[in-house]
Amino acid sequence: MLSVVSFLRGSGLVWRGLVCLGPAVAALLAGAGAGLLAERLAVIQLVEQAGPRRDVYVEGLRSELGRHETLPAVIAYSASLRQLLASPGDDALRQRANTYLEQVAAASGAAAVYVTDPQGTTQAASNWRGPASFVDMNFSYRPYFRDALTKGYGRFYGIGTTSGEPGYYFARRIAEKEGAGEDAGVAGVVVVKVSLSALEHTWAQAADRVLVSDGHGVTILSSVPDWAFRTLEPLSDGLRDRLEATRQYDRVALRALEVRRQGDAAGPEAAVLRIGGGGGPLFLAVSRTVPGTDWRLMLLTDMAPVQHARHVGWGGGAAAAALLALAGLLIHQRRRTAQAQRATRAALEQAAQDLEREVAARTAELTAANADLHRTQDRLVQAAKLAALGQLATGIAHELNQPLAALRTLSDNAAAFLARGKPERVTENLSHIAALTERMARITGQLRGFARRSDRVSDRVSEGAQAAISAPVQVSAAVGNSLSLLAEKTRRLGAQVETTVDPALCVAFDPVRLEQVLVNLLGNALDAVDGQPQRRIAVRASRNGDRVRVQVDDSGPGIAASALPHLFEPFFTTKPPGQGLGLGLVISAGIVQDHGGQIHAANRPEGGAMFTLDLPAHD
Ligand code: ADP
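Under my numbering, read the sequence shown as residues -1 to 617, first letter to last.
Pasting the structure below:
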């Protein structure tokens, strides 16, 4: 248990438990309080209402008795009775007395009226006709008789020993001399028995329960038949003997009526009683002494409305407390939610500030990195420009080297022919030299043209077309001139060049530019076969409608698939630095397109590369 409590305390569940239990306890307490209050109020109201009703019952009983109270004194004056008592054996007098008493009883409503001699033996009675006639019966043992003898009058409530009917007995001494005082002799005793069963019967019709107990604590009248002639408190042995002697309750065995006092007395004359043991009903009892008797009348009111009020009070109180507790809980919950929202908002604001700081820091880093990147890019562009410039220079040198080498050979030859005295050969060589210098000038001119064109690549075709000078060019001549330019290199590499070109084939082209294109293609083919076991190059040309197709095949390694899409891009080269500029094919393609032709690169199925020129034919 301790460990459970410490666990709960540790986990903070104690508070939560109290928060949940609190309203329940409050509701219980409030319910109990409201129940008690409602009960108390209902009891007070019940007592207030019961008091006057009880008084009505008391008054009813008193007037019923009072109606007959004076009757014995009146009867005592009767001459016929006196005469009978004076001559007890006279049958005629007795008959007259009987008739008289019968009439009195009928007129007054008394149960029985009778007269005894001083020894208690009945001389005449109203019920002289019936089987239970009192005539000749002796009632000397009855207290009312003895009281009448000694005190002049007697009163008594008991069960008739002859009739078995309970009744109230009023007795009065008849003096020997009419109007005589205490000292006069006793002629007899007159008794009026009043039955209260009609009254009891009336009570039984009402909702209230009425109980009348005598001075011994024995219930003598009751609206509930079963509650009559019961003892409310235990009878002492002496009293039991006395009751036996007077036969007050005759042969009725007096059983105890179980009456238990419950809770607080609701006032001096009120009490909450449970009648008939544990399972019996609860009553609010208000009682009062009946004037002129030692009786006590008790009005018993059902406590069900009080219990109902208590339950309603209980329920209402508990519900109100539960509602209040719920409202409290809701307010508490709202407060907590508001607190949580405030905390969340603060946390969000903090997070947003952190994020802003982080973003600012990252932005600064990025800006710095960007600046670095720009610097690096600038350096790279600069380096690329320098590299391009270097390659361009190498390329120009490469382009001019071949005609320069040819010039040197031709000039050497011219000098030799001059020494040998062969001026015609000198003239021939000099004209070759002149042609070569013109070609070199054109090459540099083309480079200038490319430089200008590369600024406006998209306009290259139209601009080139305008710039191109188209003339009929013999394809075989152009091929021959190109090969002669490459003769030195061809020989050095040990390559075999096979030419199959019909001398009749002509194209509409600038002759120098066609040679430039062919030198480029043949130069690349020679580079490709360099170091190959087979070093063969084939140049073919054929006519197809108004087009001429020139094809350069080689037995080199062919073009790598990854290189194929980039062949005609500026500065694309697979050759080692200083050997390739990556401009040959770009320039060639530009020239071909300028003349309305096309250039195409592919790999041959049997190995090696194949470059095809599709050119406009010239008839
Ligand atoms: P460069 O000859 O300076 O490299 P080119 O534009 O003339 O520039 O050629 C571009 C590239 O095309 C070459 O580097 C080479 O990879 C490829 N190429 C051209 N001709 C051939 C060929 N006959 N065989 C294989 N590859 C070739």
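C-beta: ideal position from N, C-alpha, C; glycine also.
Ile42 and Gly274 have their C-alpha atoms spaced approximately 24 Å apart.
CA-to-CA, the gap between Gln494 and Ile467 works out to about 33 Å. The way I'd put it, the region 151 to 158 doesn't touch the region 87 to 98; fewer than three beta-carbon pairs between them come closer than 8 Å. For ligand 1, no non-hydrogen atom lies closer than 7 Å to the CB of Phe507. Annotated three-state conformation of Gly236 is helix, per DSSP. With a cutoff of 7 Å, Leu583 counts as near ligand 1, since its C-beta is closer than that to a heavy atom of the ligand. With fewer than 16 other beta carbons inside 10 angstroms of its own, Asp410 counts as exposed.
Inside the region 460 to 501, DSSP marks whole beta strand (DSSP E) runs of 3 or more residues at positions 469 to 472, 494 to 498, from first to last along the chain.
For Gly582, the CB contacts under 6 Å within the same chain, skipping 5 residues up- and downstream, are Asn518 in chain order. A Cβ-Cβ separation of about 4 Å places Val284 in contact with Ala48 under the 8 Å criterion.
Closest option to Asp206, judged by alpha-carbon separation, among Ser131, His430, Leu44: Leu44. By the C-beta criterion, the region 300 to 316 is judged to be in contact with the region 26 to 36, since at least 3 inter-stretch pairs fall below 8 Å. Taking a 10 Å sphere around the C-beta of Ala319, we find 16 or more other C-beta atoms and assign the residue as buried. Taking the Cβ of Asp528 as the reference point, every heavy atom of ligand 1 lies at 7 Å or farther away. Between the region 138 to 150 and the region 100 to 120, the count of Cβ pairs shorter than 8 Å is three or higher; the stretches touch.
The three-state reading of DSSP puts Asn542 in strand, counting E and B together. For Asn542, the number of other beta carbons within 10 angstroms of its own is below 16, and it is reported as exposed. Taking C-beta separations shorter than 6 Å and ignoring five residues to either side along the sequence, the partners of Ala254 in its chain run Thr229, following chain order. When secondary structure is reduced to three states using DSSP, Arg249 falls in the coil class, being assigned neither helix nor strand.
Gln532 carries a coil assignment under DSSP once its states are collapsed to helix, strand and coil. Nearest neighbour of Val477 by Cα position, chosen from Cys504, Leu491, Gly492, turns out to be Cys504. For Leu579, the shortest C-beta to heavy atom distance toward ligand 1 is below 7 Å. For ligand 1, no non-hydrogen atom lies closer than 7 Å to the CB of Asn399.
With a cut-off of 8 Å on Cβ pairs, the region 602 to 610 is in contact with the region 540 to 554, counting three or more such pairs. Straight through space, the alpha carbons of Arg423 and Ala417 are spaced by roughly 11 Å. Using a Cβ distance threshold of 8 Å, Leu371 and Leu405 do not count as a contacting pair.
Proximity to Glu174 across Leu197, Glu198, Ser85 peaks at Ser85, based on C-alpha coordinates. Straight across, the Cα-Cα distance linking Asp235 with Leu241 is about 10 Å. When the alpha-carbon of Val216 is set against those of Ala146, Leu295, Phe168, the nearest one is in Leu295. Within its own chain, the residues whose Cβ lies closer than 6 Å to the Cβ of Thr159, once the five positions on either side in sequence are excluded, are Arg245, Asp248, listed in chain order. Taking the CA atoms as reference points, Gln93 sits about 10 Å from Ser124. In summary, Lys573 is exposed, with fewer than 16 beta-carbon neighbours lying within 10 Å of its beta-carbon over all protein chains present.
When DSSP assignments are scanned along the region 564 to 604, the uninterrupted stretches of alpha helix (DSSP H) that are 4 or more residues long and fall wholly within it turn out to be 582 to 592. Scanning its chain for C-beta atoms nearer than 6 Å, with the 5 sequence neighbours on each side dropped, one finds around Asp528 the residues Leu491, in chain order. Pairing Ala395 with Arg547, the inter-Cα distance amounts to about 31 Å. Rounded to the nearest whole angstrom, the CA to CA distance from Gly595 to Leu512 is 11 Å.
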